[in-house]
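Chemist:
Numbering (this note's numbering), first residue to last: 389 to 670.
#1: Am I right that residue 575 and residue 613 are in contact with their C-beta atoms under 8 Å? What's the rounded C-beta distance?
#2: Could you tell me the distance, in whole angstroms, from the CA atom of residue 669 to the CA atom of residue 652?
#3: Pull up the DSSP beta-bridge partners for residue 574, would you.
#4: By the DSSP assignment, the alpha helix (DSSP H) with residue 631 in it spans what residues?
#5: What number of angstroms, rounded off, separates the C-alpha of residue 442 from the C-alpha of residue 640?
#6: Counting only runs of 4+ residues fully inside the stretch 429-454, write out the alpha helix (DSSP H) ranges in chain order.
#7: Less than 8 Å separating the beta-carbons of residue 489 and residue 649?
#8: Over what stretch of residues does the alpha helix (DSSP H) that includes residue 533 continue unbroken?
#9: If you follow the alpha helix (DSSP H) that residue 420 is part of, which residue opens it and which one closes it?
#10: Using the C-alpha atoms, what's the distance from residue 535 back to residue 499?
#11: Helix, strand or coil for residue 391 per DSSP?
#12: Have a look at residue 330 and residue 554 and give me their C-alpha separation to the nearest angstrom.
#13: Whole angstroms is fine: what's the gap from residue 537's alpha carbon to residue 428's?
#14: What is the rounded straight-line gap between the Cα of residue 404 and the Cα of residue 411?
#15: Would residue 524 and residue 495 be called neighbours here (beta carbons separated by less than 8 Å)?
#16: Have a look at residue 460 and residue 451 and give me their C-alpha separation to the nearest angstrom.
#17: With contact counted as at least three CB pairs below 8 Å, one residue from each stretch, are the stretch 577-597 and the stretch 617-627 in contact?
#18: Exposed or buried, what is residue 558 when buried is set at 16 or more other beta-carbons lying within 10 Å of its beta-carbon?
#19: What residues are listed by DSSP as bridge partners for residue 640?
#20: State the Cα-Cα distance for the pair residue 548 and residue 479, rounded to the nearest angstrom.
#21: Is it a yes or a no for the stretch 460-479 touching the stretch 414-433, going by three-plus beta-carbon pairs under 8 Å?
#22: In its own chain, which residues sit with a C-beta less than 6 Å from the C-beta of residue 573, not counting the 5 before and 5 after it?
#23: Give me the Cβ distance between residue 484 and residue 511, rounded to the nearest whole Å; I'm assuming they're in contact under 8 Å.
#24: So, for residue 563: in the same chain, excluding its five sequence neighbours on each side, which residues have a beta-carbon less than 8 Å away from its beta-carbon?
#25: Below 6 Å CB to CB, which residues in the same chain sit around residue 476 once its five sequence neighbours on both sides are set aside?
#26: Any idea if residue 527 is buried or exposed, counting beta-carbon neighbours within 10 angstroms, 16 or more meaning buried?
#27: CB-CB under 7 Å to residue 393, same chain, minus the five flanking residues each way: which ones, in chain order?
#28: Helix, strand or coil: how does DSSP classify residue 653 here?
#29: Thinking residue 551 and residue 520 are a contact (beta carbons under 8 Å), I'd like their distance in whole angstroms, please.
#30: According to DSSP, residue 523 sits in a beta bridge with which residue or residues?
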């Protein structure tokens, strides 16, 4: 079984997670830029973080045989902080990097005018750079947030088939599907969706344009939820090909629109005296 996790925050995970993910079948992932658990105080902290997504995390992932890509953006939560909004002006220099396969996470957190402005600006950046967009739908007032998001996409220069609406659930899946966008579902231990609810949605909605992710981050989450969903699909009567479509071919098709997916992981260089991280080099 091959798995592509299209939304996971490996910055907040350990090397043990990489090892367990590989054993479970994960061979590729996308790490969206997001907030760090506490407010950033300047744009410079974003730039150091973006650089780590482009250099450090791909190196860590490659040591465990996993292809790492990222998405870059000013996230919705911090779009409300005027100390952070200058990041929008600096995004173009990151969006041309090879490992960047989308603009994201963008979207809504509290549905403020500042978030409206940041979302519209970044949808335009995605269109300008020929990239798809990964959109975070809010955790509160989810259906209202979805409708506001769809309106913003329709008003933008970005075609719906280049937009992934993430963190969907039973209340939002129909309207999201009707929009023509791709559909993302985050599988969590206690919140958002679980694997059994996901299987029910797949039975009712079908497999078209559906992506399943773990969205594992700093909080209680599970980087193996993609594999657990695959196992639940098989137990419910879905075929191996169905699983491969949802857990591999669909994310490859969506992020492949960037023209930047590199799914063959180069062998890592020799380690320094057995250490798990290279030392002593430039």
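Ideal placement from N, C-alpha and C gives every residue a C-beta, glycine not left out.
Modeler: On the basis of the coordinates in this document:
#1: Numbered from its first residue, the chain shown carries residue 575 at position 187. Numbered from its first residue, the chain shown carries residue 613 at position 225. With a Cβ gap of about 4 Å, residue 575 and residue 613 count as contacting.
#2: Your numbering for residue 669 matches position 281 in the chain shown. Your numbering for residue 652 matches position 264 in the chain shown. Any reading at residue 669 is ruled out, since the residue's pLDDT is 46, under 50, leaving its predicted position unreliable.
#3: Counted from its first residue, the chain shown places residue 574 at position 186. According to DSSP, residue 574 bridges with 601.
#4: Within the chain shown, the letter at position 243 stands for residue 631. 628-632 is the span of the alpha helix (DSSP H), which, as asked, contains residue 631.
#5: Counting from one through the chain shown, the residue named residue 442 turns up at place 54. Counting from one through the chain shown, the residue named residue 640 turns up at place 252. Roughly 19 Å separates the two Cα atoms.
#6: 431-442 and 444-450
#7: To locate residue 489, count along the chain shown from 1; it is residue 101. To locate residue 649, count along the chain shown from 1; it is residue 261. Cβ distance < 8 Å, so residue 489 and residue 649 count as in contact.
#8: Here residue 533 refers to the residue found at position 145 when the chain shown is read from its first residue. Run containing residue 533: 530-543, per the alpha helix (DSSP H) assignment.
#9: For the purposes of this step, residue 420 is taken as the residue at position 32 of the chain shown. Element bounds for residue 420: not the alpha helix (DSSP H) but the beta strand (DSSP E), 414-420.
#10: Locating residue 499 in the chain shown gives position 111, where the first residue counts as 1. Locating residue 535 in the chain shown gives position 147, where the first residue counts as 1. Between residue 499 and residue 535, the C-alpha separation is close to 11 Å.
#11: The residue given as residue 391 occupies position 3 in the chain shown. Residue 391: strand per DSSP, three-state reduction.
#12: Here the chain comprises residues numbered 389 to 670, so residue 330 is not present and cannot be evaluated.
#13: Taking the first residue of the chain shown as position 1, residue 537 is located at position 149. Taking the first residue of the chain shown as position 1, residue 428 is located at position 40. Cα to Cα, the separation comes out at about 25 Å.
#14: On the chain shown, position 16 is the one that residue 404 refers to. On the chain shown, position 23 is the one that residue 411 refers to. Distance between the alpha carbons of residue 404 and residue 411: 11 Å.
#15: Taking the chain shown and counting its residues from 1, one reaches residue 524 at position 136. Taking the chain shown and counting its residues from 1, one reaches residue 495 at position 107. In this structure, residue 495 lies closer than 8 Å to residue 524 by Cβ.
#16: Taking the chain shown and counting its residues from 1, the one referred to as residue 460 is at position 72. Taking the chain shown and counting its residues from 1, the one referred to as residue 451 is at position 63. Approximately 23 Å between the Cα atoms of the pair.
#17: yes
#18: In the chain shown, residue 558 corresponds to position 170, counting from 1. With fewer than 16 other Cβ atoms within 10 Å, it is exposed.
#19: The residue you call residue 640 lines up with position 252 of the chain shown. For residue 640, which the question treats as bridged, DSSP gives no partner whatsoever.
#20: Position 160 of the chain shown holds residue 548. Position 91 of the chain shown holds residue 479. Spanning the two alpha carbons is a distance of roughly 22 Å.
#21: yes
#22: On the chain shown, residue 573 is found 185 positions in, with the first residue counted as 1. Result list for residue 573: 556, 581, 586 and 600, in chain order.
#23: As a working note, residue 484 is residue 96 in the chain shown. As a working note, residue 511 is residue 123 in the chain shown. The Cβ separation is near 17 Å, so there is no contact.
#24: Along the chain shown, read from residue 1 onward, the residue named residue 563 stands at position 175. So the list reads 531, 534, 535 and 538, once near-sequence residues are dropped.
#25: Here residue 476 refers to the residue found at position 88 of the chain shown. Closer than 6 Å at Cβ, skipping near neighbours: 462 and 509.
#26: Indexing the chain shown from 1 puts residue 527 at position 139. Exposed.
#27: For this step, residue 393 is matched to residue 5 along the chain shown. Excluding sequence neighbours, residue 393 sits near 414, 417, 601, 602 and 614.
#28: Working through the chain shown from its first residue, we reach residue 653 at position 265. Coil at residue 653, not helix or strand.
#29: Mapped onto the chain shown, residue 551 falls at position 163. Mapped onto the chain shown, residue 520 falls at position 132. With 8 Å as the limit, residue 551 and residue 520 qualify as a contact, their Cβ atoms being about 7 Å apart.
#30: Along the chain shown, read from residue 1 onward, the residue named residue 523 stands at position 135. Answer is 494 and 553.
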